[in-house]
Every structure is written in structure tokens, then in C-alpha cells.
Amino acid sequence: MIKKILSVAFIFIIYSLLFPSENKKVSVYTQQVSDRVYKFYADNSALVPYQVIVYVGKNRKEREKFYKIIPEKSISNLLFIYTNSYKEEPFYITKTIIGDPNRVKIHEEYPYLLPFKNGESFKVNQGYETRFTHRGWLKYSIDFGMKTGTPIYAARGGVVVAVKDTSRSGGRSRRYRGCANYITIAHDDGSFAQYVHLMFGGSVVKEGDVVKAGDLIGYSGATGRVTGPHLHFMVYIPVEEGLQTIPVKFLTKDGELVSIKSKNYYTAYNPYTEESNITTRGENSFEEFDDESLGEP
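Under the working numbering, residue 297 is the last one in the sequence shown; the count climbs by one each step, no gaps.
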């Protein structure tokens, strides 16, 4: 008789910023088929595919790595078959990474909207490739200085795949790592947009909602490890065993696409709305300490 064992895996998520706790959407488990032979399976309850990496073995010298992409809304996906050197159940560690690199088809000139109300202007306190926190895979991120409670709008249409707005915590201390509220939206080209540091209860959307560019999705805040309220915005794509932010361009009132630069003000323009184009200006000074305060993709 086949003995099925549900193992408790340690979910080590790629880049500590992405998951403040374990990924509850993807589960990895084993099924014992003979004395030392085990089948590894994965279930994915998410609306998008995930990359799954499994490291099997008690120590680094004997550890083996296995990789597979798991489709969205799927169960009992066979990952691999493993023969253990020991009689006991194999020890393993898993990493999960949102998205499928094979589905990415980026249109570099896609016209994104600025993620705030039509006609309002905000300062970019930190733009692309700045030396403070926008480095490495986060180098194409943008921080807009704005007061808590500022309405946030979708920069591009898509499906909401992750929401957290239950955190009330934010501040300078390292203990606020993983405390940021966020909304993650999947686009039809395989990319994702993430809106981070939202206020408590600051999402007006839920997982599975379909949004259009310019739709209200939430309200800015100061959750996570920061010194003040602002919106962290980024678009990223899955790459093999990782993620990478990408530069995007924003639509302006004169129909031009512009690249964002630090310390400049930008005015939102939404060609799909009939709201007044009267320009108002807002800003807020802050520091964003590190990428570990950001949210799950």
C-alpha cells in the first residue's frame, strides 16, 4: 500500500522582500512509493503560475536541486522522483517565484498611466537605478512622495493576484520588514505591477478582480520599513529562478511617453476619464530603507 506523507517544507521565498511569511498559495508534499523512493508533488491555488525550486538533502554537499513551473489553479503536479540515501523521509527546502518566464512578451513602448488621480502631480523622490535602495533586481522601481490616504489608480489593466492591507505597522526599525501592505496586478504580457506601502485597509480590490487602467485600486500609506508615507511602484517580470524589474514609460497629456526621473514632478493624465484636468501638486519627504519592507508579488 502506498504511504502518502505530507511533509512540512520550509518555504524560503525568492528575495526576502517578496514574502513576509510562507507562500500559502503553493504547497509541496511527498508521496512514498517504496522503501526509499518518494514522489514530490506541488499544488498551486494561485491565479498565476509559479516557479518551484526544491532542494533535497540534509547538507550542502549532498543537496540536489529540482526546478519546475507549476500552472495556475492546479493540483498534484509531479515535480520529480527522488531516491533517499537514508531510511527516513527526505529533508527538503522549497523556493517559489511568481510567474512563468515563458509567457513574458513585453511591449517596451506600452503607455502606462501614472498611478494617481488624473490632473494631480507628485514628486519622484527616488527613481530608476538610484544608489539608495533601487539596486539589483529592484533597480527599475519608483517612489512617489505622497500623504497617507492618497488615492492610487491602476497604471495598467490586468487581474489582481495578491492583496495585503491588514498591516498597521511602519517605521524606521528593522522590525517593520515584511509589514508593507500591497496590491499586485498581473498583466496580459506576463509582467506584474506592484503598488506598495498602502495604508491599513487601503485596498478597494480583491484577488481575482479585473481592473482597467485608471481604475481606483487603493490608498497610499506608510506601512513597512520607511520613514514616511509614499507609494513604491514597480513593474517586474519573472526570469528563470528569479524576478527582474523593467523600465516602463508613462503617458503624458500631450500624448508623449516619458521615462521617469528622480526629483521631478509628474502630472497624471488619463485619456479615458472625463474628470477635470486642473493640476494639483502634492509631495511628501521620506526615506525607504530597504527592499525587505516590500510586499508579496
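Using N, Cα and C, we set each Cβ at its ideal position, and we do this for glycine too.
Can you tell me which of the three DSSP states residue i falls into?
i       : result
Tyr-182 : strand
Arg-103 : helix
Arg-60  : coil
Arg-172 : coil
Leu-114 : coil
Leu-257 : strand
Ser-276 : Any reading at Ser-276 must be qualified, since the residue scores a pLDDT of 38, below 50, and its modelled position is unreliable; no value is offered.
Leu-47  : coil
Gly-221 : strand
Ser-21  : Residue confidence for Ser-21 is low, a pLDDT of 39 falling below 50, so the modelled location carries little weight and cannot support an answer.
Gly-242 : strand
Gly-201 : strand
Gly-136 : helix
Pro-271 : coil
Asp-143 : strand
His-230 : strand
Gly-158 : strand
Tyr-128 : coil
Phe-91  : coil
Between residue i and residue j, is the Cβ-Cβ spacing less than 7 Å?
i       : j       : result
Asp-143 : Asn-125 : yes
Gly-145 : Ala-222 : no
Lys-24  : Ala-46  : no
Tyr-92  : Val-33  : no
Ser-76  : Tyr-41  : yes
Phe-233 : Pro-115 : yes
Thr-96  : Val-52  : yes
Val-161 : Val-210 : no
Ala-155 : Asp-215 : no
Ile-152 : Ser-220 : yes
Val-104 : Ile-217 : no
Trp-137 : Gln-31  : no
Rank the options by C-alpha distance to the C-alpha of residue i and give the top, closest one.
i       : options                            : result
Val-239 : Phe-40, Ile-69, Gly-57             : Ile-69
Thr-227 : Leu-251, Arg-172, Ile-75, Gly-158  : Arg-172
Phe-66  : Glu-72, Lys-73, Leu-78, Ser-74     : Leu-78
Gly-127 : Pro-271, Tyr-272, Ser-259, Thr-273 : Ser-259
Ser-85  : Val-52, Ser-121, Arg-36, Val-48    : Arg-36
Tyr-29  : Ile-81, Pro-111, Ser-121           : Ile-81
Ile-193 : Glu-241, Thr-252, Leu-113, Lys-117 : Sequence inspection shows Ala at residue 193; the Ile mentioned does not correspond to that position. Of Glu-241, Thr-252, Leu-113, Lys-117, the residue nearest in Cα terms is Leu-113.
Gly-224 : Leu-198, Lys-212, Gly-214, Glu-108 : Leu-198
Glu-207 : Tyr-272, Ser-27, Ser-262, Tyr-182  : Tyr-182
Thr-166 : Ala-154, Ala-180, Pro-49, Glu-89   : Ala-180
Lys-147 : Arg-168, Ile-106, His-230          : His-230
Pro-71  : Pro-49, Glu-120, Val-163, Arg-174  : Pro-49
Does the stretch 56 to 66 touch the stretch 96 to 116, meaning 3 or more C-beta pairs lie closer than 8 Å? No, the stretch 96 to 116 does not touch the stretch 56 to 66.
Pairing CB atoms from the stretch 256 to 274 with CB atoms from the stretch 186 to 201, are three or more of them under 8 Å? Here the stretch 256 to 274 does not lie against the stretch 186 to 201, with fewer than 3 beta-carbon pairs under 8 Å apart.
Hey, is the stretch 239 to 248 in contact with the stretch 199 to 215, meaning 3+ C-beta pairs nearer than 8 Å? Flag = no, the stretch 239 to 248 and the stretch 199 to 215 do not touch.
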